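Asks: Sending over a structure as structure tokens; questions will come in a sec.
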Amino acid sequence: MQLNKMVEFHKALGDLTRIRIIALLKQGPLHGQAMAGKLGLKPPTITHHIAKLREVGLIKERRDKNTIYFSLNIKALEMGAKAILNIGMGGENNMEMVVTAEERNAIIQNFFTKDGKLKNFPAQRKKKLVVLEHMINGLEMGKVYPEKEINEYLKQFHEDYATLRRELIMCQFMYRENNQYELNPVELWWLR
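Below is the structure:
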């Protein structure tokens, strides 16, 4: 999670009504009228707060005829809450992720051909992170890349650029919004 996204996430949670909405939705999906009734608020107020929670990905929607049911995106809530703990730590299970320079070189030699192509994608987490970090060495910190440019960059390593792109996001090396990609600060990478 990029630092400015982390700030937006915590700002969205910095409101008593939004916390109450999250507590309600933790019990199960509800529509706006039901939330308004349970919280003693007017529907436009609920709509406003739902929009703020939706902006940071904490709310999911499902339409049933003319009624929209809202539910809590528990995974996004957990990831956002944990992200702040990972700053400067290189992610979870940091002790397992220590890689010596020798190990790093051996992993790169085992998974890349002499011309830089990825032979196969490692299943083991530590090796996967070394491979991903190696691949992003040619990208610039602070530069925003359109998806097409990222795809072309990743094609030099492997034809399945979509999987590589997804792994870069999931392992916190990159951040994506509106098909624009940017490297996360090194402190957020899951390998350090």
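Residue numbers for the sequence shown follow my numbering, so the first one is 1491 and each next one is one higher.
For every residue, glycine included, the Cβ atom is placed at its ideal position computed from N, Cα and C.
Every value quoted in this text rests on a predicted model; they were computed, and no experiment measured them.
Could you tell me the boundaries of the alpha helix (DSSP H) in which Val1620 lies?
Replies: Here the alpha helix (DSSP H) through Val1620 covers 1615-1625.
Asks: Apart from the five residues just before and just after Asn1584, which ones in its own chain have a Cβ nearer than 6 Å to its Cβ?
Replies: Annotation note: pLDDT 41 at Asn1584 (below 50); position unreliable, no value reported.
Asks: Measure the Cβ-Cβ separation of Ile1622 and Glu1657 and say whether it is below 7 Å.
Replies: Reading the sequence as shown, one finds Leu at residue 1622 and not Ile. Closer than 7 Å, so yes.
Asks: On the criterion of 16 or more Cβ atoms from any shown chain inside 10 Å, does Leu1681 qualify as buried, or is it exposed?
Replies: With a pLDDT of 45 at Leu1681, under the threshold of 50, the modelled position of that residue is not reliable, and no figure is offered here.
Asks: For Phe1647, which residues in the same chain have their Cβ closer than 6 Å to its Cβ, ignoring the five residues on either side in sequence?
Replies: Within the same chain, Phe1647 has close Cβ partners Leu1608, Met1625.
Asks: Looking at the strands, I want to know which residues DSSP matches up with Met1496.
Replies: Bridge partners of Met1496: none, in fact.
Asks: Here's the rule: buried if 16 or more other CB atoms are within 10 angstroms of the residue's CB, otherwise exposed. What is Glu1586?
Replies: In this prediction, Glu1586 has a pLDDT of 46, which is less than 50 and means its spatial position is unreliable; what the coordinates show is noted afterwards. Exposed is the call here.
Asks: Between Lys1645 and Tyr1651, what straight-line distance do the alpha-carbon atoms span, to the nearest angstrom?
Replies: Roughly 6 Å separates the two Cα atoms.
Asks: So, with DSSP's three-state summary, where would you put Thr1557?
Replies: Thr1557 falls in the strand class under three-state DSSP.
Asks: Leaving out five residues on either side along the sequence, give the residues of the same chain with a beta carbon under 7 Å from the beta carbon of Met1664.
Replies: Cβ neighbours of Met1664 beyond the five flanking positions: Leu1658, Tyr1671, Glu1672, Leu1673, Asn1674.
Asks: Give a yes or no on contact between the stretch 1505-1524 and the stretch 1540-1549, applying the rule of three or more CB pairs nearer than 8 Å.
Replies: Flag = yes, the stretch 1505-1524 and the stretch 1540-1549 touch.
Asks: Assign Asn1533 to one of three DSSP states: helix, strand, or coil.
Replies: Sequence check: residue 1533 is Pro here, not Asn. Correct three-state label for Pro1533: helix.
Asks: Starting from Glu1672, trace the beta strand (DSSP E) both ways and give me its first and last residue.
Replies: Segment 1670-1673, the beta strand (DSSP E) holding Glu1672.
Asks: Applying the 10 Å Cβ sphere with the 16-neighbour rule, what's the burial state of Ala1513?
Replies: Exposed, since its Cβ has fewer than 16 Cβ neighbours within 10 Å.
Asks: Just to confirm the assignment, what range does the alpha helix (DSSP H) spanning Met1569 have?
Replies: Unbroken alpha helix (DSSP H) run through Met1569: 1564-1573.
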